[in-house]
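Chains as they are written, first to last, in our numbering: chain A, 89 to 523; chain B, 171 to 444; chain C, 821 to 1116.
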């Protein structure tokens, strides 16, 4: 029996040591000076784009190794944990959503490298992207992509309603869009726009097109603005008239416009990849500018949804290398750097916000997938110039959760008017933030 | 062809009908995801149940983006080591709590039960600090060590050890067996079903764990399967067909494990107490 | 004689501590220490690098936070309705599998275990597709004329709660079934044979033999399901989009997660919320054990 016991204990010991040795720290070589780590979250989108930038840099710096790590979810939580642990496990460079970065800049002073001081010329980027990363005279990031928006419409369904799609290939106001929706609905029974009830995107696009946000200058939440009220009223009107396909979540929303249950959608250009996953729809889609919110000062026929930027974390031991890498690729004016911007537009549908890069051939190319081979990227790029400067402030997520919930209550009929929505949102915001 | 062991009464018949319907409901999602592997993303979201022809394409998309094989092996390694260590540590503890009763140990057990309820995210930040202090970030040990001790498993094993007759232990002691060897040579072999299900649950929990590995793993070569699944889910263009392939890959090992352990459920304590 | 007896007792006592020592070590390092070190947080208002002592401020704030209380009430709602339903189903299925049928046992056992194995990702997508307003379930019910208009399984605050209950039952019944199977496996067959000889009916056997002997398993199932429901996170997070519609399926654990990592990153407030949950859970566990002990 003793033997068996010893055997049992031995198995335990082996298992234990296996745990420690088998997965012991292999990153000792991370101390090598020529290696950078970058975090981002979609290997086919921003990961792909960063990969192209790395190729450009490696052509002139063959001894530098840059590892791109895909952090699919909760990248902010992970960075937060790292910052709390004094910089442990953090990458040298990370991608952040534009609407989230202000929270980090405010809560973690000094966590990011001031790239303006490192000599990057931010005037070469779309200015609406630079605003959120600016704090006083410091500018912390390098803008990546634009979420320039448009209204996507199915020309075949408009034609089926007895209308000529060409008449609508122009900048419209929301009233005109509603009129079009009513005609399409009356003739074909088809709702004009697929609306994702679980998402904040639609309202965000509308409100941001007026150049305002949901906060006042001091960072206090402000739901009761003409832009918010007007946008909510439009959404309610469209819902009442049956112009919206009420989708429940992303998959239902994608099915709604890819599987012929609605005649269009409004979102940013990065949705094109999803449209193209249905090759049968080639030649049927057209894109028109974001509809205009009438009666609100400074409203534009352009807006933004999504978009992110690159930041160098101060905890890095290789600041100079990280800055040099970003500077000579994402802010580089060499033909190679401009060429990679052109390449990622085609390869990933990612449109950069570095202004000199917009002369690339893919920006003006006609796209066979769209109605009459519309040069969609040329249009989105032009609309991007008109996107108003945006500030998100550090409570953006709490704000959008509260307003999104109140809006859901409106669309399910539990709140019947716009003022009620604003009231409910303000109440929930106060409770969840404690101020 | 008697499927049923008893006399067929109307009540029994109705019960059986519901039993079969319940089985069909359980089976359906499984069939759906196997079909989903072969479909175009748009057919997956449409909920179609006819197999498509895009398996090769879906596989190609997934395997070029993710190192599926390496993720799979990492997940396997982490889950297996957790089960081996976990079963050893937890079964000893459960046996200690149950068969060596004392007031003090019962109080300790009460404290353990209390912490069963604490949401994992409440301790993520302090635990992360601790792991980084131990220089274990980006190691598989960072995932394994915190999940070795499981109050749930100790509780489960303890409830089952209640059914192990103490008389057998007494008899073995009279024969001069040491306490640990009673456990290893008598208890473990007689309670195979219990140990099998505890192993399955530990494996399952670790195999599917997501939030904590996401926090502690910093490089692609150390990643696990659930991270890849969420990566597909969070993409700007979601490849639903490819996602279903990952889902199936992550489902089958547990299924195989369960089937392999099935035979343990058929044996039992029968005849151990005469 | 007494001396030997005492020494033997001490030996057994030491053995008992020895057996639980490794588990306690892991517990101290990876559970108790992190929990303890987050205890002081409950008095802090925490934003990033700045911390401010607020005393009981977080608890005052909590008192006014209707979203949290609503979330907690959902936990209780799910607990009261879903757990008895599921534990009962699990027991019935286990008994049918164990004693009721002769053939295809292995197959049925595996099939009932499938939902446990099916990954959260797959099942959440599928349930969304099946349950959407124009989805298969509504179409099916409409065609049978069981309902007059489509039900908002995911859109309507009431039906979304039903959806969570159904989804939980679907996913976890097979899980609990295995515990009951193990319990049945550990019951000596001879007891049944003796009852058979005495002429006890099947129903009677169930109530006089099976049910009492399964009490430890029922207790286990109830306690762990309760703690699982108190920690409920996955289903409302992925199936009804972060506790939607309009917080109708928000749960306490999901809300704590959102407070810590999504909304404000205020770990102080999140910790205070967690400790309140622990206290509530402790009371619950206490009551459960008391009640079941009295029954025995």
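Note that the Cβ used here is the ideal one computed from N, Cα and C, for glycine as well.
request  = Determine contact between the region 910-917 of chain C and the region 984-999 of chain C, defined as no fewer than three beta-carbon pairs at a distance below 8 Å.
outcome  = yes
ask   = Since residue 50 of chain A meets chain C, which of its residues come closer than 7 Å, beta carbon to beta carbon?
value = Missing from the structure shown is residue 50 of chain A; chain A here goes from 89 to 523 and no further.
query = In chain C, which residues lie with their C-beta within 9 Å of the C-beta of residue 421 of chain B?
reply = Taking the second chain and counting its residues from 1, the one referred to as residue 421 of chain B is at position 251. Within 9 Å Cβ-Cβ: 934, 937, 938, 939 and 942.
message = Considering only the alpha carbon of each residue, which of C/1100, C/958, C/1006 and C/970 lies closest to residue 335 of chain B?
response = Taking the first residue of the second chain as position 1, residue 335 of chain B is located at position 165. The option with the nearest alpha carbon to residue 335 of chain B is C/1006.
inquiry  = If contacts are defined as beta-carbon pairs under 8 Å, then residue 397 of chain A and residue 232 of chain A qualify, I think. What distance do you get, rounded to the angstrom?
reply    = For this step, residue 397 of chain A is matched to residue 309 along the first chain. For this step, residue 232 of chain A is matched to residue 144 along the first chain. About 5 Å separates the two Cβ atoms, so the contact holds.
inquiry  = residue 252 of chain B and residue 307 of chain B - do their beta-carbons sit closer together than 7 Å?
reply    = The sequence position of residue 307 of chain B within the second chain is 137, counting from 1. The sequence position of residue 252 of chain B within the second chain is 82, counting from 1. Not closer than 7 Å, so no.
ask   = Between which two residues does the alpha helix (DSSP H) containing residue 196 of chain B stretch?
value = Mapped onto the second chain, residue 196 of chain B falls at position 26. Here the alpha helix (DSSP H) through residue 196 of chain B covers 180-206.
Rounded Cβ spacing between residue 362 of chain B and residue 434 of chain B (contact assumed at less than 8 Å) = Numbered from its first residue, the second chain carries residue 362 of chain B at position 192. Numbered from its first residue, the second chain carries residue 434 of chain B at position 264. The C-beta separation of residue 362 of chain B from residue 434 of chain B comes to about 4 Å, placing the pair in contact by the 8 Å criterion.
request  = Would you mind reading off the limits of the beta strand (DSSP E) that contains residue 377 of chain A?
outcome  = Position 289 of the first chain, counting from 1, holds the residue named residue 377 of chain A. Here the beta strand (DSSP E) through residue 377 of chain A covers 373-377.
request  = Just the C-alpha distance for residue 956 of chain C and residue 317 of chain B, rounded to the nearest angstrom, thanks.
outcome  = In the third chain, residue 956 of chain C corresponds to position 136, counting from 1. In the second chain, residue 317 of chain B corresponds to position 147, counting from 1. Rounded to whole angstroms, residue 956 of chain C to residue 317 of chain B spans 40 Å at the Cα level.
ask   = When DSSP builds the beta bridges, which residues end up paired with residue 913 of chain C?
value = Looking up residue 913 of chain C in the third chain gives position 93. Residue 913 of chain C is not bridged to any residue.
key: Collapsed DSSP secondary structure at residue 289 of chain B in the structure displayed   = The count along the second chain starts at 1 and reaches residue 289 of chain B at position 119. Reduced to three states, the DSSP call for residue 289 of chain B is coil.
request  = Leaving out five residues on either side along the sequence, give the residues of the same chain with a beta carbon under 6 Å from the beta carbon of residue 119 of chain A.
outcome  = The residue given as residue 119 of chain A occupies position 31 in the first chain. Bear in mind that a pLDDT of 48 at residue 119 of chain A, under 50, signals an unreliable position, so the model cannot answer this.
Presumed contact (8 Å Cβ cut-off) between residue 486 of chain A and residue 137 of chain A, rounded CB distance = Within the first chain, the letter at position 398 stands for residue 486 of chain A. Within the first chain, the letter at position 49 stands for residue 137 of chain A. Not quite, the Cβ-Cβ distance comes to about 30 Å (not below 8 Å), so this is no contact.
Length of the line joining the Cα atoms of residue 884 of chain C and residue 1057 of chain C = For the purposes of this step, residue 884 of chain C is taken as residue 64 along the third chain, with counting starting at 1. For the purposes of this step, residue 1057 of chain C is taken as residue 237 along the third chain, with counting starting at 1. So the alpha carbons of these two residues sit roughly 24 Å apart.
ask   = Quick one, which of C/910, C/894 and C/932 has its alpha-carbon nearest residue 195 of chain B's?
value = Along the second chain, one-based indexing puts residue 195 of chain B at 25. It is C/932.
query = Leaving out the 5 sequence neighbours to the left and right, which residues in its chain are closer than 8 Å to residue 1040 of chain C when beta-carbon positions are compared?
reply = Translated into positions along the third chain, residue 1040 of chain C becomes position 220. Cβ neighbours of residue 1040 of chain C beyond the five flanking positions: 999.
ask   = What do you get for residue 966 of chain C, buried or exposed, if any count of 16 or more other CB atoms within 10 angstroms of its CB means buried?
value = Along the third chain, one-based indexing puts residue 966 of chain C at 146. Residue 966 of chain C is exposed by the Cβ-count criterion.
query = If we cut at 7 Å on Cβ distances, does residue 1064 of chain C have a partner in chain A?
reply = Taking the third chain and counting its residues from 1, the one referred to as residue 1064 of chain C is at position 244. Answer yes: the Cβ-Cβ gap between residue 1064 of chain C and chain A drops below 7 Å somewhere.
ask   = If you compare alpha carbons, which of A/158, A/520 and A/157 is closest to residue 484 of chain A?
value = Walking along the first chain from the start, residue 484 of chain A turns up at place 396. For the residues A/158, A/520 and A/157, the minimum Cα distance to residue 484 of chain A belongs to A/520.
ask   = According to a CB-to-CB cut-off of less than 8 Å, which residues of the region 866-878 of chain C neighbour chain A?
value = So the close ones are 867, 868, 869 and 870.
message = Is there a C-beta anywhere in chain C that falls below 7 Å from the one on residue 204 of chain B?
response = Locating residue 204 of chain B in the second chain gives position 34, where the first residue counts as 1. Closer than 7 Å: no.
task = Just the chain C side, please: which residues come within less than 8 Å of residue 393 of chain B by C-beta, in chain order?
result = Taking the first residue of the second chain as position 1, residue 393 of chain B is located at position 223. By Cβ distance, chain C contributes nothing, its closest Cβ being about 16 Å from residue 393 of chain B, past 8 Å.
inquiry  = Between residue 215 of chain A and chain C, is the shortest Cβ-Cβ distance under 7 Å, so that the two count as touching?
reply    = In the first chain, residue 215 of chain A corresponds to position 127, counting from 1. No, no contact with chain C.
Residue 441 of chain A - DSSP class collapsed to helix/strand/coil = Within the first chain, residue 441 of chain A is the residue found at index 353, counting from 1. Residue 441 of chain A falls in the coil class under three-state DSSP.
request  = Please list, in chain order, all residues of the same chain as residue 264 of chain B whose beta carbon is under 7 Å from its beta carbon, the five residues on each side excluded.
outcome  = As a first step, residue 264 of chain B is located in the second chain; it is residue number 94 there, counting from the start. Correct list, in chain order: 324, 327, 328 and 331.
Any beta strand (DSSP E) of 3 or more consecutive residues that is wholly inside the region 146-185 of chain A = DSSP assignment within the region 146-185 of chain A yields the following whole beta strand (DSSP E) runs of 3 residues or more, N-terminal first: 153-158 and 181-185.
query = If we count Cβ pairs, one from each stretch, closer than 8 Å, do we get three or more for the region 223-238 of chain B versus the region 396-415 of chain B?
reply = yes
query = Can you find a C-beta in chain C that's less than 7 Å from the C-beta of residue 285 of chain B?
reply = For the purposes of this step, residue 285 of chain B is taken as residue 115 along the second chain, with counting starting at 1. Judged by the 7 Å Cβ criterion, residue 285 of chain B is in contact with chain C.
message = Assuming residue 462 of chain A and residue 354 of chain A are in contact, meaning their beta carbons sit under 8 Å apart, how far apart are those beta carbons, in whole angstroms?
response = Indexing the first chain from 1 puts residue 462 of chain A at position 374. Indexing the first chain from 1 puts residue 354 of chain A at position 266. Their Cβ separation, rounded to whole angstroms, is 16 Å, which puts residue 462 of chain A and residue 354 of chain A out of contact at 8 Å.
task = Could you tell me whether the region 243-262 of chain B touches the region 138-150 of chain A, using the rule of 3 or more Cβ pairs below 8 Å?
result = no
key: Bridge-paired residues (DSSP) for residue 872 of chain C   = By one-based count along the third chain, residue 872 of chain C stands at place 52. According to DSSP, which records beta bridges pairwise, residue 872 of chain C is partnered with C/865.
message = Could you tell me the alpha carbon to alpha carbon distance between residue 250 of chain A and residue 275 of chain A, rounded to whole angstroms?
response = As a working note, residue 250 of chain A is residue 162 in the first chain. As a working note, residue 275 of chain A is residue 187 in the first chain. Near 8 Å, if we compare the C-alpha coordinates of residue 275 of chain A and residue 250 of chain A.
request  = Throw me the rounded Cβ distance for the residue 846 of chain C and residue 319 of chain B pair, which I believe falls under 8 Å.
outcome  = Here residue 846 of chain C refers to the residue found at position 26 of the third chain. Here residue 319 of chain B refers to the residue found at position 149 of the second chain. Rounded, the Cβ-Cβ distance is 4 Å, consistent with contact.
task = Measuring alpha carbon to alpha carbon, tell me which of A/490, A/444 and A/122 ends up nearest residue 214 of chain A.
result = Here residue 214 of chain A refers to the residue found at position 126 of the first chain. Considering only alpha carbons, the answer is A/444.
inquiry  = In this structure, how does DSSP classify residue 230 of chain A when only helix, strand and coil are distinguished?
reply    = Here the question's residue 230 of chain A lines up with position 142 in the first chain. Looking at residue 230 of chain A - three-state DSSP - the assignment turns out to be strand.
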